[in-house]
Each structure stands twice: as C-alpha cells, then as structure tokens.
Amino acid sequence: MKKVVVLTLLLLVCVGSLLAEDKDKRKKKSITDSIFNIEEATVLGKKKRMELMGLNVPLRFVPLNVSLLSAKVLERKGITEWVDAVRFLPGVRLGNQGGLWRRFYVGGSNMPAVLMVDGIRDDRQSINTFPLGDLASAESIEVLRGPAAILAGYGAMGGVINIVRKKASPEFLANARFSYERWDVKKVSLGFGGKLVGPVEYMANLHYATFGGWRRMSPQRLSGIATLGATLGKSRVDVAFGFEDDHYTVELGAAPYMPGDMVDMATDKVVMRKGDRHPTADFGQVYNDFANDSHSRKGYNIKLDYVYTFTNGLKLKEVFAFDHSYHRTSGVGSLSYKSAKTPFEGADYKYYTEKNGVREATYVDIDSLRRFGASGFFPRHDTYNNTLELTGDAEIASTKHHYAIGWNWSLFDMRQYCGWDNGDTYGPGTDVMLSVKNPELVQGYWIQNVSSIYLRKWYTNGIYFRDVFEWNDKWKFMASGRMDFYKRRMMANFPTIDGKSFDYDKKDMGKWANFHASAFTWHVGAVYFPRPELSIHIAHGSAFTPNTTTYRVNNIYLDKNGNSINPDKEGDQIFKPERDYSFETGVRYTFNEWLDASVNFSYIRRTNMVTNVGTREVEEEQGDGTLEVTKMTVNAQVGRADMKTLDMDVTARILPTLSLRGALCLSDYRIRSIRESSAFPEYKQTGKNMRTTGVPRTTFYVFADYTVPTGIFKALSFHLSGNFRDKIFRDVASRLYYPSLWLMDGGVFYTIKSHITLACNVNNIFNKEYFESSSPVQGTPRNYQLSVSYKF
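Here the sequence shown stands for residues -20 to -1, 1 to 772, where the numbers follow mature numbering (1 follows the signal peptide of the UniProt record, and there is no 0).
What follows is the structure in structure tokens.
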C-alpha cells in the first residue's frame, strides 16, 4: 500500500506539471546517440561510445551487449561506493567475503568478471576478493556482458567492467559537495579544472569520507586524481596520477545460523531447524574487536597517454600505466556458538551429526559466542601495462572501415607476506567468549607476526585487431581477433628472516615454477538496420582462462578424452585452457529522443572445466622394492556448463524534464553432464543440471527522474527508484535460500540559481528487513543522505 501511495504522488506531480508546461519544441534527435542532462532539461550533443573499444563508431553499430552508467546517475543518487552502484547495473553482483572484500560477477556465472580502470585491467580481482576503491572520480561505468577476450585478454568469460575516470578538458569546471549520512558518515568531494597555461588543460578531484555507517562498514577514505593534457600540433599528451588511502573493517557477521536441528534439552524436542536464525539476537549487533583489528589499503597509479594524428582518420596511440597497492590486514575471522561434545553449564540445546555410521551429539549455548581465528596477511601488488595501438578510418570498395590494430603487454607482480600460520598471531584477544547480547568487544590484545612470503608474477602479451565496417546504411559488421600468450611464475612460501618481520634472506628463496598458455579468441557479428530507428544484431565470440593446476605427485590427471597426462616435472602445464563460446542476438529500437529500448539474449558454453572424478588405488614401488597401495586423486578436464541470459533495457523521455528507465537481467547458469569415460566408470556426478547457488536468477530496477519546469516549484526535482533481486539459493537440494528482495529509494533536490543544489536521498524507504550473507547479517535499514553541492 505504501508503494502505491508514493507512486501515485509521483504521478500527480507529473500530471500537474503538464498543465503548466509550454508546448514541446524539442528538436528531433536520437536518444541512442545522446546523453541527457535531466536536471537542466537540455540535450548534450555527445555520441554514445564505448571507451574500451577505442573506435570512432556509435555504440549501436557494434554487435556487443554493453550497458553504461553515467556519473550523472551516480551524482543524482549520491553514490560513491560500488555496493550501491551495482544496484543500477542489472546482472552485476558483488561476491562478498566480508566488508570491502568483494569480487565482481556478471550474469549467473561463477567466473569473475574482469575489472578495468580506463581500459587497464586490475588483476587483483583475478586472484580473489579484493577491497574496492570509491567511485568519486568516475565519469562512467561500462559493462560488457559475455566473453570479452578481444578487449581484456584472458579470464574474461564473465564479462568486463570498465571504470572511465574524469579527464582534463579546456572547459572550466569547479564543484564542491558535502554530504552527511545516517550513522555519522560524512563525505566531501572537490573538483576543478580547465585551462592551466597555454595549451595545457588540467583536472583535479579529491574525495574524503569518514568511518562509520551501518555496522561500521563504511570505510574511511581519502582518494584523488589529477590530470594534465595538452594538444601540441598533431600530438595529444595526457598524464594522470591517482592515489587512495583507505581504512576499513571486515564483516565478522552477526549471531550465526543454527548449526543443526536444535533439540531443547528440557523437552528433548527439535525447536529450531538447521539454518534458522537466532530467535532473539539483534542482527545489527557487531562483534568485531575494533581496538585490535587493523585493515588498510594504500596505493597510487600513473597513466601516460600519447596520441599522434597522421590524418583525421589515422592515429597512433601509446599508453603506459603503473599501479601500486599495499594492504595491511590483521583481524579475527571466525564466530561460532559456544559448544562442546559433552554437556556443560549454559548448554540448553544440542544437535546431532553422523559420521561413519556413528551418531554424535554436540551441546550448544546459543547465548554465548566464541570469537577466534585471528590472522594477518599483507599483499603488495605492482601492475605494469603498455599498449601500442593504431586506429583509423578507411573506405575500401565503397565500404567504410573503422579499425584498430594493437599490442598489449602487462606484468602483474604480487608479493604476499603471510601471518596466518600457527603462532603468527598471539595474545589474549585472539580467542575470547562474547555474550550474544551486549557483548564486551575488546578483551585483551594480540601481536601480529609475519612468518613466510610467497611470490606471483603474471606476464601477458596480446596482439589484436578490431574492424567495424559499414557495408551500407542497413548493414554493419564486426570482425575481431586476439592472440594471447600467458606466463605465470610462482614461488612457494619461504620463511622470513626471523619469523616476525617483513625481511628475508635471498638464500631462503625457492625455485620459480613456470607455467605457459596461449590461445586465439575472436568476436564476429553483424548489425542490421531495417529502419534507421531499429537494429537487429547477431554475434559469436570466445574467451579463454588458463588452468593453472600444477603437478602433484599424489594426483592423476586426465585430458578431456580420459587419457592420462604425464608431466615430467613439477610446475609443468597440466591442462589446456578452459574455453568458452558465446552466441548472442539482440534488438534495439529508438524513437528520436523519446524512447530507447533493447532486448538481448545470449548463450554461453563453458568447456574444458577440470573436475574431481574420485580416487584410484595405485601400486607404487618403494625404495626397498616392495609394492604399496596408494590412494590417488583423479582430476579430469571433462567438466561443462552453460549460461542463458536475457537482458532488457528501456529508457523513455516522456517530457523534457521527465525520464524513466528500467533494466532487467534474467540469467540461468548450470553445470552440465561431464564427458563420461571408461577411465572413471564408478564416478557418479552430483549437482548436474541444477541452478547454481549464491546467484539470483532475476534482477531489475526502475528509475524515474523529474524536474518541475515552471511555476512556484520550478527547479524542484526528485527521483524514485526500485530494485528487485530474486531469491538466492544457499542449498538447492534442501531448498534453503535467501528470499527475494524489493527495495525502494527516493530523493528530492532543489537548485538555487543553477549553482547551489540541496538534496536529500533516502534508501530503503519502507525500512525493509532483509538478510543477505552466509552469516545472517541484517541488510541496511532505512537510511538517508543530506547533501549540499555548489557548481561554479
């Protein structure tokens, strides 16, 4: 009922404004090729292009499934954090390992997407979850769904997410924004730019945020970017420098789910089922030791762009980028109920487990928690990236070609200092008991040591070409290919010099294990325009992911045909790269500036997946000549999976000052039957053809933005949005899942003399209670953001 009332009020204001609105005299202009400034109700004459492609063609000429999120939407919603931005990128989700430790996925796949910044890939996301930076300097976010190896190289089966940062320009700009959010989060952003001296242009952006927020998960941030650019004759030079200094905490969780079917000791009856939430706990309560937890990230990055224009249609581009980051992470990682194998005082419940036919009871006190598992790790990452690219426009036999030929080289250098072995973290605060209600969070201290180090180096070389050619007004084609050469070097853990510090002796270092892989990938497609406002496209693409399994003496390895693979030494390549193939079709319709609607369907097939197919007993000769039976693990490259995805995106400009947008993603990812073989006849595959866990099948959002054009409320504007997420299965077989979720947000803005804007954004308007974690952490309740911004 509340939702209906809010939507009705929005409709009444829109209808009321129609009575006062002048006759629409807008020029006919395609919404597809324009970016609209809703606040000022003007059209900016900029063609929509994908920065990642680097080609001089409109986005609608390219047979790719791409969505864009502009800085205008981020600013309108007061968004500077990824956790909020993904709600307006249907099909994009963040894997969660606590707090800021996140990882991107696109669609229903469990393959991570490639994260890029200004077209430079961030390989930290390829390893594991990773603390993400803010979006204060973002100009737009591009999402390319499906295999995207032609743009990002290896590991791009899950798609690509590219952050386009703000750049230097000759137009003067200066802005400032201050906001205050519930739970004492304050944010300040400053930006300015324009002409500096002579041909030199500049832009600088600075952002600061205080620590706080719901469950204290909003980090303290200090970040910035400064850019210089100049056009010198036929040359264009751009230099960018960015930095970040973040301090944050991790999500330890709330009172855990019930570990089993809980039997009341007094009545001997089951009163709670496995997976139920605690009946009386406050799920907003945190259990972190904020006095001893230490989590921070510092880094900087440099990017140099040089473009030489031979002619209007021929350019040579050289891009070099370097990124450095260093993390310090030390904290407790586990939370469980107080329990024992024998009854104890306070244990009012028990549950049973069965192992090897023996039924065993565990006694539990659900009013007491054990906080334990303190450890630390300190990764350092250095990324070097260089791209040399020739782009041009040419007409050959009455066909217009827009092409790019390039070479990309990158090195990802990781050094991780490990403090998670026994004895690395010690002190009275490492293992303590807490009350579920009103806990004493700080109980002593701990000392963090570093006992070992391991090293990783990833080298890639990619040679690529892309060509979008216009056969005529109705047909546009794309042909592209890329050859990648991948090398990984790995050195296993070696000790620090004293088991405590970050120093080490080179003589303690081991040998490098080398791994090589290569693959050719492609993307081809066509776009047909039966009418100028209607386009239909089809496309076929591929991607690859190196399988970095290394040789172990107690394993048996089989290829996709069930034949044995016999590497002769440790570190050799075992399996061929995983290959992924996509087929896509889509329709897009535009009606001047009134409507832009698209529908895309894609099918992706994963092959060469490595699967554990059981064990095998093998007789091995011992040193004394006797035979001994050894149980060996069998891994075979016989796994397969597929994903079907339907995307819909609609933007409607009903009035010069009213914009409506909606987007939907339906995705279904399933593990399929393996390639059966006589090499493992007894293996019985489980989980095949079942929908994947941890992934919603359906996500969508709707967004309305309106500005009153005349009358007493002129310059008053507001927006309303709703986000839907389908249920997320925790266990498909037992039907355990997080229920579906619908959240609504809104905001009101008032602009004074085109310079000062007062705003109030409210998220989760109806204060919906929801849970979305493997530990039942309550999602953010109703919260608000008050802001004042000034544009010079």
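Cβ atoms here follow ideal geometry from the backbone N, Cα and C, with glycine treated the same way.
Residue i versus the options, residue with shortest Cα-Cα distance
i, options, result
"P199", "R339, N580, R671, K167", "K167"
"Y145", "G113, K175, S159, G138", "Looking at the sequence provided, one finds Arg at residue 145 rather than Tyr. Ranking the options by Cα distance to R145, first place goes to G113."
"D218", "P179, Q617, Y561, Y686", "P179"
"V682", "F68, N45, L44, E656", "F68"
"N741", "M413, M137, Y770, R762", "R762"
"N543", "P510, R559, R655, F571", "R655"
"T570", "S390, D485, E513, T60", "E513"
"Y343", "Y770, A384, R351, M238", "M238"
"V97", "Q617, S117, A519", "S117"
"Y686", "R56, I545, G424", "R56"
"D303", "I282, K318, T591", "I282"
"P419", "A220, R350, H227", "R350"
"A519", "S276, R162, G566", "G566"
Beta bridge counterpart(s) of residue i as assigned by DSSP
i, result
"K335", "V338"
"I385", "L370, F445"
"E597", "K611"
"M470", "R436, A493"
"I100", "V97"
"H517", "V507, G566"
"Y306", "K278, R360"
"P92", "Y85"
"S714", "According to DSSP, S714 bridges with nothing at all."
"A577", "Y569, V630"
"F729", "S697, A739"
Three-state secondary structure (DSSP) of residue i
i, result
"P111", "strand"
"I651", "strand"
"P771", "The question names Pro, yet the displayed sequence has Lys at residue 771. K771: strand per DSSP, three-state reduction."
"W502", "strand"
"K57", "helix"
"T476", "coil"
"G702", "strand"
"S522", "strand"
"D488", "helix"
"T529", "coil"
"Q765", "strand"
"G71", "coil"
"V63", "helix"
"T410", "helix"
"A21", "The predicted position of A21 is uncertain, since its pLDDT is 22 and thus under 50; no value can be drawn from it."
"F263", "coil"
"S355", "strand"
"L39", "helix"
"L315", "strand"
"S106", "helix"
"S14", "Here S14 scores only 28 on pLDDT, less than 50, and its place in the model should not be relied on; the value that follows carries that caveat. Looking at S14 - three-state DSSP - the assignment turns out to be coil, as it is neither helix nor strand."
"A51", "helix"
"I745", "coil"
"R125", "coil"
"A132", "helix"
Contact belief for residue i with residue j at Cβ below 8 Å, rounded distance in angstroms
i, j, result
"T625", "R125", "7 Å"
"G255", "Y331", "At roughly 12 Å, the Cβ-Cβ gap does not stay under 8 Å, so G255 and Y331 are not in contact."
"L148", "G209", "Correcting the residue identity first, residue 148 is Ala in this sequence and not Leu. Confirmed, about 4 Å."
"V422", "A271", "4 Å"
"F729", "F698", "7 Å"
"A506", "P43", "6 Å"
"D478", "A459", "Not really, about 58 Å apart at Cβ, beyond 8 Å."
"A184", "F172", "6 Å"
"A684", "L700", "5 Å"
"T367", "V299", "5 Å"
"G293", "G372", "5 Å"
"R596", "V614", "5 Å"
Requested in this report: Would you check if the segment 448 to 468 and the segment 477 to 495 touch, i.e. whether three or more CB-CB distances between them fall below 8 Å?
Outcome: Result yes; three or more Cβ-Cβ pairs closer than 8 Å.
**Report entry** Sufficient close CB pairs (3 or more, under 8 Å) joining the segment 419 to 436 to the segment 393 to 410
**Finding:** Short answer: they touch.
Query raised in the report: Does the segment 74 to 93 come close enough to the segment 105 to 120 to have 3 or more Cβ pairs within less than 8 Å?
Result: Result yes; three or more Cβ-Cβ pairs closer than 8 Å.
Query raised in the report: So does the segment 318 to 333 actually touch the segment 264 to 274, counting three or more Cβ pairs closer than 8 Å?
Result: Verdict: no, contact absent.
**Report entry** At least 3 beta-carbon pairs within less than 8 Å: the segment 378 to 396 vs the segment 361 to 370
**Finding:** Yes, the segment 378 to 396 is in contact with the segment 361 to 370.
Query raised in the report: Per the contact definition of three or more C-beta pairs closer than 8 Å, is the segment 730 to 740 in contact with the segment 703 to 713?
Result: Taking 8 Å as the limit for Cβ pairs, the verdict is that the segment 730 to 740 does not touch the segment 703 to 713.
Requested in this report: Could you say if the segment 665 to 672 and the segment 626 to 642 meet the contact criterion of at least three C-beta pairs nearer than 8 Å?
Outcome: Judged by Cβ distances under 8 Å, the segment 665 to 672 makes no contact with the segment 626 to 642, as fewer than three pairs qualify.
Query raised in the report: Taking one C-beta from the segment 580 to 597 and one from the segment 557 to 564 each time, how about it: are there three or more such pairs within less than 8 Å?
Result: Touching, yes.
**Report entry** the segment 479 to 491 contacting the segment 519 to 531, beta-carbon criterion three pairs below 8 Å
**Finding:** In this structure the segment 479 to 491 does not touch the segment 519 to 531; the number of beta carbon pairs closer than 8 Å is below three.
Query raised in the report: Is the number of C-beta pairs between the segment 409 to 426 and the segment 440 to 454 that are closer than 8 Å three or more?
Result: When C-beta atoms of the segment 409 to 426 are compared with those of the segment 440 to 454, fewer than three pairs fall below 8 Å, so the two segments do not count as touching.
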